[in-house]
Amino acid sequence: MTHSPLPRRLAAVLAAAAAVTALGACAPIVVGGAMVGSALMVTDRRTSGAQVEDQAIELKGVNRAREIVGDRGHINITSYNRQVLLTGEVPSDADKAAIEQNVARIENVRSIVNELGVMGASSLTSRSNDTILTSKVKASFVDAKDIFANAFKVVTERGTVYLMGRVTEREATRAADLTRSIAGVQKVVRVFEILTEAELADLQPKPAPK
Numbered sequence: 001m002t003h004s005p006l007p008r009r010l011a012a013v014l015a016a017a018a019a020v021t022a023l024g025a026c027a028p029i030v031v032g033g034a035m036v037g038s039a040l041m042v043t044d045r046r047t048s049g050a051q052v053e054d055q056a057i058e059l060k061g062v063n064r065a066r067e068i069v070g071d072r073g074h075i076n077i078t079s080y081n082r083q084v085l086l087t088g089e090v091p092s093d094a095d096k097a098a099i100e101q102n103v104a105r106i107e108n109v110r111s112i113v114n115e116l117g118v119m120g121a122s123s124l125t126s127r128s129n130d131t132i133l134t135s136k137v138k139a140s141f142v143d144a145k146d147i148f149a150n151a152f153k154v155v156t157e158r159g160t161v162y163l164m165g166r167v168t169e170r171e172a173t174r175a176a177d178l179t180r181s182i183a184g185v186q187k188v189v190r191v192f193e194i195l196t197e198a199e200l201a202d203l204q205p206k207p208a209p210k
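Going by the working numbering, the sequence shown wraps up at 210, each residue one higher than the last.
In structure tokens:
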């Protein structure tokens, strides 16, 4: 049986994802992380201040979650424009509530979306599959051409894909439809901050005066 090669863009994204997985294989608590200082900061729809605050929220959240569950759970903490998404697995409802309460007290946090599952920690195989799904979703956004891929943050947990970002309803619907079309995606959860088309237009770079 012959296998057709992966599209070059998807292969590159998967390779990067595999490297991240290898580096983080021993860490049960994961930071969502903005790439502060990179070229992505320039094209991000958040202000540079919000991007820095998001990274600080994630790092503080990791420390607080670790104090509560230690190595008894697997927790992902992702902050986008100060809205925090909690995903992963914890041993009890009390742990789930305690993590939410402690993260909510972090400076600059606007809101919490608590999607922590009360169950045993997912396997490394499950997490690797989630990483691949995230990569495929991101690649589909790049290939689509009619949405701005960098406007979206993608988090996958046990086959459920969470979509974050500051987007219009049109962009949100298109991204969700693209995500649902990918094999292996069990569910799509929208965690968007919805902008009007006028608000989006205000965020676009203005041409330099002649």
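Note that the Cβ used here is the ideal one computed from N, Cα and C, for glycine as well.
Can you check whether the CB of Arg166 is closer than 8 Å to the CB of Glu193?
Here the question's residue 193 lines up with position 193 in the sequence shown. Here the question's residue 166 lines up with position 166 in the sequence shown. Yes, the pair counts as a contact, with Cβ atoms nearer than the cut-off.
If you measure between the beta carbons of Val161 and Thr87, is that distance less than 8 Å?
Reading the sequence shown from its first residue, position 161 is the one you call residue 161. Reading the sequence shown from its first residue, position 87 is the one you call residue 87. Not a contact, by the Cβ cut-off of 8 Å.
Among Ser48, Lys138, Gln101, nearest to Val113 - alpha-carbon criterion:
Counted from its first residue, the sequence shown places residue 113 at position 113. Here the closest residue by C-alpha is Gln101.
Length of the line joining the Cα atoms of Pro207 and Thr43:
Numbered from its first residue, the sequence shown carries residue 207 at position 207. Numbered from its first residue, the sequence shown carries residue 43 at position 43. The alpha-carbon atoms of Pro207 and Thr43 are separated by roughly 15 Å.
For the beta strand (DSSP E) that Lys153 lies in, which residues bound it at each end?
Start at 1 with the first residue of the sequence shown, and residue 153 comes out as number 153. 152-157 is the span of the beta strand (DSSP E), which, as asked, contains Lys153.
Pull up the distance between the alpha-carbon of Gly117 and that of Ser140, whole angstroms please.
Walking along the sequence shown from the start, residue 117 turns up at place 117. Walking along the sequence shown from the start, residue 140 turns up at place 140. So the two alpha carbons sit approximately 27 Å from each other.
Mark Gln51 as exposed unless 16 or more other C-beta atoms lie within 10 angstroms of its C-beta, in which case mark it buried.
Here residue 51 refers to the residue found at position 51 of the sequence shown. When all chains shown are included, Gln51 counts as buried.
Contact check, Arg110 vs Arg82, beta carbons under 8 Å
Start at 1 with the first residue of the sequence shown, and residue 110 comes out as number 110. Start at 1 with the first residue of the sequence shown, and residue 82 comes out as number 82. Their beta carbons are under 8 Å apart, which means Arg110 touches Arg82 by this criterion.
Proximity of Ile75 and Val69 at Cβ, strictly below 8 Å:
In the sequence shown, the residue the question calls residue 75 occupies position 75. In the sequence shown, the residue the question calls residue 69 occupies position 69. Their beta carbons are under 8 Å apart, which means Ile75 touches Val69 by this criterion.
According to DSSP, simplified to helix, strand and coil, what is Phe211?
The requested residue 211 does not occur in the structure, where the chain is confined to residues 1 to 210.
Are Arg174 and Ile147 closer than 8 Å when you measure CB to CB?
Looking up residue 174 in the sequence shown gives position 174. Looking up residue 147 in the sequence shown gives position 147. Result yes, Cβ atoms of Arg174 and Ile147 sit closer than 8 Å.
Output the residue ranges of the beta strand (DSSP E) runs that lie fully inside the stretch 170-200 and measure 3 residues or longer, sorted by chain position.
187-195
What residue from Arg72, Asp143, Ala121, Ile99 has the CA that sits closest to Arg158's CA?
As a working mapping, residue 158 is identified with position 158 in the sequence shown. Out of Arg72, Asp143, Ala121, Ile99, Ala121 has the C-alpha closest to the C-alpha of Arg158.
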